[in-house]
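Engineer:
In the numbering used here, the protein residues as written are 5 to 116.
(1) Going by DSSP, which residues form a beta bridge with residue 139?
(2) Return helix, strand or coil for residue 82, following the three-state DSSP convention.
(3) Using the C-alpha atoms, what's the distance from residue 71 back to residue 16?
(4) Tell me whether the beta-carbon of residue 62 lies closer than 8 Å to the beta-carbon of residue 92.
(5) Out of 22, 60 and 81, point me to the one whose CA is closest to residue 94's CA.
(6) Pull up the distance between the alpha-carbon of residue 33 and that of residue 81, whole angstroms please.
(7) Per DSSP, which residues does residue 30 bridge with? Please list them.
(8) Give the DSSP bridge partners of residue 49, in chain order.
(9) Alpha carbon to alpha carbon, what distance is there between residue 21 and residue 46?
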């Protein structure tokens, strides 16, 4: 499977990328400033907040995945990223979008 992954350098994303590569999947780590990727992982430029950038980066992949994790107090960035991911994935004609997150993105009370 060809996987386009945002957040591949973070705590969760790096583990997803490494495990997927270990299982023989082709992983493309997408970021605005791609750097060195791990073994079996290709780095490519793409902007998580720009649907056109996403649409240009993901053709040829079977799935777009995101392990993007902003700071807990930045819900607006989570919403903006989600909207761009949906729009960019649709524009590219891909049918699969997987978003991995944690309870840290939930606000249980104002400011908490």
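Where is the CB? At the ideal position from N, CA and C, for every residue including glycine.
Structural biologist: In short:
(1) Because the chain here runs from 5 to 116, residue 139 falls outside it and cannot be looked at.
(2) helix
(3) The alpha-carbon separation between residue 16 and residue 71 amounts to approximately 6 Å.
(4) yes
(5) 60
(6) 20 Å
(7) 6
(8) BP columns for residue 49 point to 35.
(9) 10 Å
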